[in-house]
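Presented below is the structure to which this report refers.
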Amino acid sequence: MSRVTIPIGPQHPLLKEPVSFNITLEGENVIDSTLRLGYVHRGIEKLAESRSYVKNITLFERVCGICSHIHTTTYCQAVEGLLGLEIPRRGSYIRMLLCELERIHSHLLWLGVLAKNIGLNTVFMYAWRDREIVLDLMEEISGGRVSHAINTIGGVRKDLSSTQAKKILADLPVLAARVRELLDIVNNDRSFKARTQGIGYLSTQDVYRYCVVGPVARASGVGVDLRRDAPYAHYHEFDINVITMQEGDVWARAIVRILETIESIDLSRQIVEKLPAGDVTVRANRKVPEGEFVSRSEAPRGEVIYFVKSDGTQTPKRVKVRTPTLTALITLPMQLEGLQMADVSAVIAGVDLCIACADR
Amino acid sequence: MTICNALCELKNISMTEEEDLLPSFNENQVLLASGQLLEAVVILLKNDVKHLSTITGVYQENKLQLLYHFWQGEGITLRVVIDVTDNQVDSITDLIPGALFYEREIVEMFGVKIKGLDMATRMFLPDNWQGGAPMRRKLEVGSEEEMQEIK
Amino acid sequence: MIMREFALYIFHLAFFPGFIFLVASGMFFHWIDRKLLARFEGRVGPPWYQPLADIIKLFAKEDILPIGTNQLFALLLPLTSFASTLSAGFHILGTLTGTVSSFNGDFIMLIFLISLPSLLFFLGGWTTSGVYSILGGNRSLLQYFSYEVLFIMAISGTAIASGSWSLAGIFNAQSGSMPYITLQIAGFILSIAGLIGKLKRSPYDIPKAKSEMVMGPLTEYSGGKLALWKLADFLQTLSGIALIVYCYFGGLWLPHTAIGYVIFILLMLTIQFILSIISAVFTRLRIDQLIDLNWRILIPLSLIHNLLIMIL
Amino acid sequence: MKGKKLIKEIIRWARKKSPWILHFNSGGCNGCDIELLSLLTPHMDVERLGILKESSPRHADILVCTGPVTAQTESRLVRIYEQMPAPKWVIAAGSCSCTGGVFAGAYNIHDGIDNVLPVDVYIPGCPCRPEAIVDAVIKLQEKM
Numbered sequence: 008m009s010r011v012t013i014p015i016g017p018q019h020p021l022l023k024e025p026v027s028f029n030i031t032l033e034g035e036n037v038i039d040s041t042l043r044l045g046y047v048h049r050g051i052e053k054l055a056e057s058r059s060y061v062k063n064i065t066l067f068e069r070v071c072g073i074c075s076h077i078h079t080t081t082y083c084q085a086v087e088g089l090l091g092l093e094i095p096r097r098g099s100y101i102r103m104l105l106c107e108l109e110r111i112h113s114h115l116l117w118l119g120v121l122a123k124n125i126g127l128n129t130v131f132m133y134a135w136r137d138r139e140i141v142l143d144l145m146e147e148i149s150g151g152r153v154s155h156a157i158n159t160i161g162g163v164r165k166d167l168s169s170t171q172a173k174k175i176l177a178d179l180p181v182l183a184a185r186v187r188e189l190l191d192i193v194n195n196d197r198s199f200k201a202r203t204q205g206i207g208y209l210s211t212q213d214v215y216r217y218c219v220v221g222p223v224a225r226a227s228g229v230g231v232d233l234r235r236d237a238p239y240a241h242y243h244e245f246d247i248n249v250i251t252m253q254e255g256d257v258w259a260r261a262i263v264r265i266l267e268t269i270e271s272i273d274l275s276r277q278i279v280e281k282l283p284a285g286d287v288t289v290r291a292n293r294k295v296p297e298g299e300f301v302s303r304s305e306a307p308r309g310e311v312i313y314f315v316k317s318d319g320t321q322t323p324k325r326v327k328v329r330t331p332t333l334t335a336l337i338t339l340p341m342q343l344e345g346l347q348m349a350d351v352s353a354v355i356a357g358v359d360l361c362i363a364c365a366d367r
Numbered sequence: 061m062t063i064c065n066a067l068c069e070l071k072n073i074s075m076t077e078e079e080d081l082l083p084s085f086n087e088n089q090v091l092l093a094s095g096q097l098l099e100a101v102v103i104l105l106k107n108d109v110k111h112l113s114t115i116t117g118v119y120q121e122n123k124l125q126l127l128y129h130f131w132q133g134e135g136i137t138l139r140v141v142i143d144v145t146d147n148q149v150d151s152i153t154d155l156i157p158g159a160l161f162y163e164r165e166i167v168e169m170f171g172v173k174i175k176g177l178d179m180a181t182r183m184f185l186p187d188n189w190q191g192g193a194p195m196r197r198k199l200e201v202g203s204e205e206e207m208q209e210i211k
Numbered sequence: 040m041i042m043r044e045f046a047l048y049i050f051h052l053a054f055f056p057g058f059i060f061l062v063a064s065g066m067f068f069h070w071i072d073r074k075l076l077a078r079f080e081g082r083v084g085p086p087w088y089q090p091l092a093d094i095i096k097l098f099a100k101e102d103i104l105p106i107g108t109n110q111l112f113a114l115l116l117p118l119t120s121f122a123s124t125l126s127a128g129f130h131i132l133g134t135l136t137g138t139v140s141s142f143n144g145d146f147i148m149l150i151f152l153i154s155l156p157s158l159l160f161f162l163g164g165w166t167t168s169g170v171y172s173i174l175g176g177n178r179s180l181l182q183y184f185s186y187e188v189l190f191i192m193a194i195s196g197t198a199i200a201s202g203s204w205s206l207a208g209i210f211n212a213q214s215g216s217m218p219y220i221t222l223q224i225a226g227f228i229l230s231i232a233g234l235i236g237k238l239k240r241s242p243y244d245i246p247k248a249k250s251e252m253v254m255g256p257l258t259e260y261s262g263g264k265l266a267l268w269k270l271a272d273f274l275q276t277l278s279g280i281a282l283i284v285y286c287y288f289g290g291l292w293l294p295h296t297a298i299g300y301v302i303f304i305l306l307m308l309t310i311q312f313i314l315s316i317i318s319a320v321f322t323r324l325r326i327d328q329l330i331d332l333n334w335r336i337l338i339p340l341s342l343i344h345n346l347l348i349m350i351l
Numbered sequence: 004m005k006g007k008k009l010i011k012e013i014i015r016w017a018r019k020k021s022p023w024i025l026h027f028n029s030g031g032c033n034g035c036d037i038e039l040l041s042l043l044t045p046h047m048d049v050e051r052l053g054i055l056k057e058s059s060p061r062h063a064d065i066l067v068c069t070g071p072v073t074a075q076t077e078s079r080l081v082r083i084y085e086q087m088p089a090p091k092w093v094i095a096a097g098s099c100s101c102t103g104g105v106f107a108g109a110y111n112i113h114d115g116i117d118n119v120l121p122v123d124v125y126i127p128g129c130p131c132r133p134e135a136i137v138d139a140v141i142k143l144q145e146k147m
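Residue numbers (this note's numbering), protein chains in the order written: chain A, 8 to 367; chain B, 61 to 211; chain C, 40 to 351; chain D, 4 to 147.
What follows is the structure, encoded as structure tokens:
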């Protein structure tokens with residue numbers, strides 16, 4: 008049978024971001040695939056070395072537009088660690104609140120993209136419609152729908168007023184009900200299951216071997232969640248329920264993400280209810296003492312780590328960003344092998360690629 | 061931590077001696093020469109430390125250090141000093157396949173040779189890239205001369 | 040007298056129920072489809088003139104094709120599919136209004152005319168030699184055999200029951216007794232499934248699956264040629280729906296009266312509604328799932344259905 | 004003469020009412036991209052203005068670029084622009100596609116789309132709001 012090589016990307020309706028896959032087909036079956044990153048490589052790590060610590064917050068917010076808050080949170084944590092700062096509890100809570108809202112937004116966005124890729128436009132529309140509720144809440148809190156610019160070294164820049172808190176508490180149950188509806192679709196719709204079950208399989212063994220993190224790992228039975236395992240901010244004050252599935256396919260990833268969304272909605276409610284009084288920020292020194300610091304956090308897609316090296320000046324000597332997508336990308340050719348061309352879109356959507364994160 | 065002690069035994073020094081050599085850091089760390097990397101990774105894997113978070117390159121005063129950030133409940137960092145003349149290190153992809161893209165990134169960004177790594181195509185830098193390893197350059201935003209690579 | 044007849048003839052051909060009317064109603068049904076889909080998805084949807092604006096804009100655009108494409112062929116293919124669906128629509132609506140007389144065997148001709156664009160669709164992909172076009176073309180051919188057989192089998196149940204292969208014959212057989220929708224409800228459902236395949240709508244939209252095939256065979260077409268393909272698509276929908284209404288709802292409307300036309304249009308809108316709702320609730324099938332579904336379940340069902348009709 | 008003018012008017016009307024956009028991420032951070040995608044969803048629903056997001060460059064009228072143009076995407080961006088049939092327009096969405104934004108001066112980027120393609124409308128904002136993108140398309144309609 009003749010072989011055809013299909014280029015997917017850098018501009019392709021399947022992808023939101025430019026990345027290039029070359030998929031070799033035999034008939035309709037995928038026999039090989041290679042990928043090329045670098046279309047979004049902007050050199051952020053190099054750029055960070057020439058800007059001051061405070062300016063870099065703006066820069067790291069733009070590593071990725073979907074999980075912008077978690078990047079600045081992790082970066083600020085690292086710098087605060089170097090400075091030896093303890094940020095106020097209220098500030099930390101507001102940070103966590105935005106992290107959770109961002110997780111809800113990211114997971115709903117992902118569900119929409121998956122549904123669109125398997126041809127279920129209606130669910131795409133519904134998921135994105137429900138996502139607007141979270142975006143409105145985030146805009147209410149921080150002033151930005153996607154980039155929040157709320158983090159600063161030593162806390163957050165905006166306080167949460169009681170009216171805002173009330174609005175959040177009023178809107179979250181509405182969102183929870185909508186997300187349960189979506190869960191019902193994913194759980195029970197036969198055509199959705201027919202297109203997602205049994206494809207993109209990743210075993211527990213492979214998750215360990217390829218250091219895969221986040222919902223993809225959790226869908227393969229590896230219950231790793233840094234919010235519980237290495238609590239940052241004030242997550243240790245909350246009981247975090249880590250959702251795992253054993254199936255390891257695209258459908259399991261969908262279920263894991265939707266259940267996590269419901270967990271996050273609950274967690275946000277707890278955070279707002281328990282919100283302590285006090286300041287939201289402390290004064291931070293511009294000069295950061297010499298040293299190195301690693302800060303870890305759980306982004307919607309998995310572990311994010313920032314390594315910051317300071318030489319005692321106002322600018323960092325080295326900032327390294329580790330994003331969760333890179334290892335998931337290695338496993339993609341393995342997941343795609345032997346599948347049909349039609350499943351490629353579901354599998355690529357299933358791992359929730361964030362190319363902007365991976366390239367930096 | 062027991063694993064760190066096991067790693068120090070590899071180098072025939074004690075943990076306290078080791079700590080004097082190292083910069084301040086918030087996680088466990090062990091300093092290694094580039095030849096000791098593979099043995100150290102084997103020890104880690106034996107002790108069930110499977111998760112490699114990332115590999116960080118730190119280039120300072122013409123010296124390159126690679127930091128292998130492992131994690132299992134807490135962070136363990138292997139600090140590998142790259143020999144200036146030799147400028148290469150072993151690939152750990154046979155032991156940890158997930159390190160593939162991290163190693164490729166290090167190769168492209170820092171110009172290190174990694175033994176046993178297939179580098180047929182570029183992964184991050186553009187196809188027509190001419191400037192050498194970008195993280196080794198001195199870059200000042202705005203000035204063209206300083207954009208040039210310094211060797 | 041002859042002049043008058045000739046003028047009337049031109050009028051029928053060009054305006055009603057000919058070219059202008061058909062194209063306009065094709066656009067109208069396309070708009071209804073888009074509007075319904077938008078409403079199902081919780082959106083507002085496009086304004087009524089949207090298809091018209093799209094088509095005019097496409098005709099006014101530059102027409103470019105990749106190097107190595109046969110220019111004549113690339114023009115003839117969409118033109119032929121447009122012409123074939125246009126004549127199919129003209130024949131059905133002509134029979135309805137009495138401007139065209141139905142002849143024995145025109146039922147077969149209509150089925151052929153309606154399915155011609157699907158075949159040309161495949162060729163259209165091959166001529167433009169883009170990767171997605173060829174793969175999309177291959178897929179449409181793979182799919183062709185599964186839904187085409189289904190459609191012909193299911194809808195010929197009506198012809199078998201009426202004992203006539205002409206549109207008027209099928210219609211007249213129903214007007215005396217019950218319309219076939221009552222007895223052949225299974226056949227109706229199966230032919231709707233076949234029609235969805237013909238029109239390449241979701242869940243049978245495998246050849247032009249946006250997320251992997253970009254636009255399938257149409258990927259490389261632009262400007263006027265794309266507009267012709269789109270028009271062919273509109274008219275294929277229109278004539279397919281009209282054919283089903285004609286075959287299954289024979290006794291429910293009175294021909295050549297105003298009330299009859301209104302009922303006819305309402306029935307057509309109902310079928311469009313069914314098509315839209317099916318598009319909204321199903322995911323796109325995989326090619327193996329589609330062939331499994333069609334050859335293992337739907338086609339045997341239609342065979343049994345036709346056998347039963349013959350026995351009865 | 005009058006007929007010709009009328010046809011021109013009709014075509015102008017059709018172009019205004021049916022702007023099909025093609026989205027290309029030329030190295031942006033995703034922020035503008037998801038805002039652009041959210042235009043299609045019930046919250047904004049730009050289909051009521053006739054805006055469709057097309058997936059093939061040959062079908063599109065407006066190229067919406069998000070991102071500062073990285074060295075690797077440059078050739079592809081130019082190719083996509085050339086594949087689009089005339090008349091065609093380009094919208095630079097987001098601060099970084101206007102000027103390079105926060106990434107200005109980095110080693111791998113061309114600061115802004117206008118260094119590579121002729122741009123018709125610039126949308127500032129990082130990320131640009133969906134309302135701003137709709138506004139840009141409306142502004143572009145005046146230009147048509």
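Here a beta-carbon is modelled for each residue, glycine too, at the ideal position from N, C-alpha and C.
In this structure, does DSSP put threonine 12 of chain A in helix, strand or coil? Along the first sequence, read from residue 1 onward, the residue named residue 12 of chain A stands at position 5. Strand, per DSSP.
Could you tell me if methionine 217 of chain C is buried or exposed, where buried requires 16 or more neighbouring beta carbons within 10 angstroms of its beta carbon? Start at 1 with the first residue of the third sequence, and residue 217 of chain C comes out as number 178. Taking all protein chains shown into account, methionine 217 of chain C has fewer than 16 neighbouring C-beta atoms within 10 Å of its C-beta and is therefore exposed.
Any beta carbon of chain D sitting closer than 9 Å to that of serine 154 of chain A? The residue labelled residue 154 of chain A in the question sits at position 147 within the first sequence. Output row for serine 154 of chain A: interface = yes.
Can you tell me which of the three DSSP states serine 203 of chain B falls into? Along the second sequence, one-based indexing puts residue 203 of chain B at 143. Residue placement at serine 203 of chain B is poorly supported in this model, since its pLDDT is 41, which falls under 50; the coordinates still yield a value, given next. Coil.
Determine the burial state of leucine 305 of chain C: buried for a count of at least 16 other Cβ atoms within 10 Å of its Cβ, exposed for fewer. Stepping through the third sequence from its first residue, residue 305 of chain C is reached at position 266. Counting Cβ neighbours within 10 Å, leucine 305 of chain C comes out exposed, since fewer than 16 surround it.
Cα-Cα, which of A:Cys364, A:Gly45, A:Arg58 and A:Ala335 is closest to alanine 224 of chain A? Mapped onto the first sequence, residue 224 of chain A falls at position 217. Residue A:Ala335 is the option with its Cα nearest to alanine 224 of chain A.
Just checking, does the region 34-54 of chain D make contact with the region 110-130 of chain C on the three C-beta pairs under 8 Å criterion? Contact fails: fewer than three Cβ-Cβ distances are below 8 Å.
Sorted by chain position, which residues of the same chain lie with C-beta nearer than 6 Å to glutamate 299 of chain A's C-beta, five sequence neighbours on each side aside? Counted from its first residue, the first sequence places residue 299 of chain A at position 292. Result list for glutamate 299 of chain A: Lys316, in chain order.
According to DSSP, simplified to helix, strand and coil, what is leucine 209 of chain A? Here residue 209 of chain A refers to the residue found at position 202 when the first sequence is read from its first residue. Three-state result, leucine 209 of chain A: coil.
Between leucine 333 of chain A and leucine 42 of chain A, what straight-line distance do the alpha-carbon atoms span, to the nearest angstrom? Numbered from 1 along the first sequence, position 326 holds the residue referred to as residue 333 of chain A. Numbered from 1 along the first sequence, position 35 holds the residue referred to as residue 42 of chain A. Approximately 12 Å between the Cα atoms of the pair.
Taking Cβ-Cβ distances below 9 Å as the criterion, which residues of the region 142-163 of chain B are in contact with chain A? Ile156, Pro157, Gly158, Ala159, Leu160, Phe161 and Tyr162
Pick out the complete alpha helix (DSSP H) segments inside the region 136-204 of chain B, 4 residues or longer, and give them in chain order. 160-170
Serine 113 of chain B lies in the beta strand (DSSP E); which residues open and close that run? As a position in the second sequence, residue 113 of chain B is number 53, starting the count at 1. Here the beta strand (DSSP E) through serine 113 of chain B covers 111-120.
Taking the runs of the alpha helix (DSSP H) that are 4 residues or longer, which of them lie wholly in the region 249-335 of chain C? 249-252, 262-287, 297-320 and 326-331
Output, in chain order, the set of chain B residues within a Cβ distance shorter than 8 Å of isoleucine 337 of chain A. Locating residue 337 of chain A in the first sequence gives position 330, where the first residue counts as 1. Under the 8 Å cutoff, chain B gives Pro157, Gly158, Leu160 and Phe161.
Anyone know if the C-beta pair for proline 22 of chain D and valine 140 of chain D falls short of 9 Å? Against the fourth sequence, residue 22 of chain D aligns to sequence position 19. Against the fourth sequence, residue 140 of chain D aligns to sequence position 137. Going by C-beta atoms, proline 22 of chain D is nearer than 9 Å to valine 140 of chain D.
Would glycine 45 of chain A and leucine 185 of chain B qualify as a contact pair, given that the criterion is a beta-carbon distance under 9 Å? On the first sequence, residue 45 of chain A is found 38 positions in, with the first residue counted as 1. On the second sequence, residue 185 of chain B is found 125 positions in, with the first residue counted as 1. Yes; because the gap between Cβ atoms is below 9 Å, this pair is in contact.
Cut-off 6 Å between Cβ atoms - residues of its own chain near glycine 221 of chain A, not counting five sequence neighbours on either side: Here the question's residue 221 of chain A lines up with position 214 in the first sequence. Excluding the 5 residues flanking it on each side, glycine 221 of chain A has same chain C-beta neighbours closer than 6 Å at Arg308, Gly309 and Pro331, in chain order.
Can you find a C-beta in chain A that's less than 9 Å from the C-beta of serine 94 of chain B? Residue 94 of chain B sits at position 34 when you count from the first residue of the second sequence. Not an interface residue.
Residues bridged to threonine 31 of chain A (per DSSP): Here residue 31 of chain A refers to the residue found at position 24 when the first sequence is read from its first residue. According to DSSP, which records beta bridges pairwise, threonine 31 of chain A is partnered with A:Thr12 and A:Asp39.
Residues of the region 182-203 of chain A in Cβ contact with chain C at a cutoff of 7 Å, in chain order, please. Ser198, Phe199, Ala201 and Arg202
Taking Cβ-Cβ distances below 9 Å as the criterion, which residues of the region 121-133 of chain B are in contact with chain A? Taking 9 Å as the Cβ-Cβ cut-off, the region 121-133 of chain B approaches chain A at Leu127, His129, Trp131 and Gly133, given in chain order.
Report the neighbours of aspartate 93 of chain C on chain D: residues whose CB is nearer than 9 Å to its CB, in chain order. The count along the third sequence starts at 1 and reaches residue 93 of chain C at position 54. Simply Ala17, Lys20, Ser21, Trp23, Gly53 and Leu55.
Taking 9 Å as the threshold (beta carbon to beta carbon), is leucine 112 of chain B in contact with chain A? Working through the second sequence from its first residue, we reach residue 112 of chain B at position 52. It does; some Cβ of chain A falls within 9 Å.
Where the region 122-141 of chain A meets chain F: residues whose CB sits under 7 Å from a CB there: Here the protein chains are A, B, C and D, and chain F is not one of them.
Using the Cα positions of lysine 74 of chain C and leucine 274 of chain C, report the straight-line distance between them to the nearest angstrom. Taking the third sequence and counting its residues from 1, the one referred to as residue 74 of chain C is at position 35. Taking the third sequence and counting its residues from 1, the one referred to as residue 274 of chain C is at position 235. Approximately 18 Å, taken between the alpha carbons.
Where do the ends of the beta strand (DSSP E) carrying tryptophan 92 of chain D lie? Within the fourth sequence, the letter at position 89 stands for residue 92 of chain D. Its beta strand (DSSP E) spans residues 92-96.
So, are the CB atoms of alanine 134 of chain A and leucine 189 of chain A less than 9 Å apart? The residue given as residue 134 of chain A occupies position 127 in the first sequence. The residue given as residue 189 of chain A occupies position 182 in the first sequence. In contact: alanine 134 of chain A and leucine 189 of chain A (Cβ atoms closer than 9 Å).
Can you tell me the Cα-Cα spacing of isoleucine 148 of chain A and serine 99 of chain A, whole angstroms? Taking the first residue of the first sequence as 1, we reach residue 148 of chain A at position 141. Taking the first residue of the first sequence as 1, we reach residue 99 of chain A at position 92. Answer to the nearest angstrom: the Cα atoms are 14 Å apart.
Can you tell me the Cα-Cα spacing of tryptophan 204 of chain C and threonine 108 of chain C, whole angstroms? Mapped onto the third sequence, residue 204 of chain C falls at position 165. Mapped onto the third sequence, residue 108 of chain C falls at position 69. Cα-Cα distance, rounded: 41 Å.
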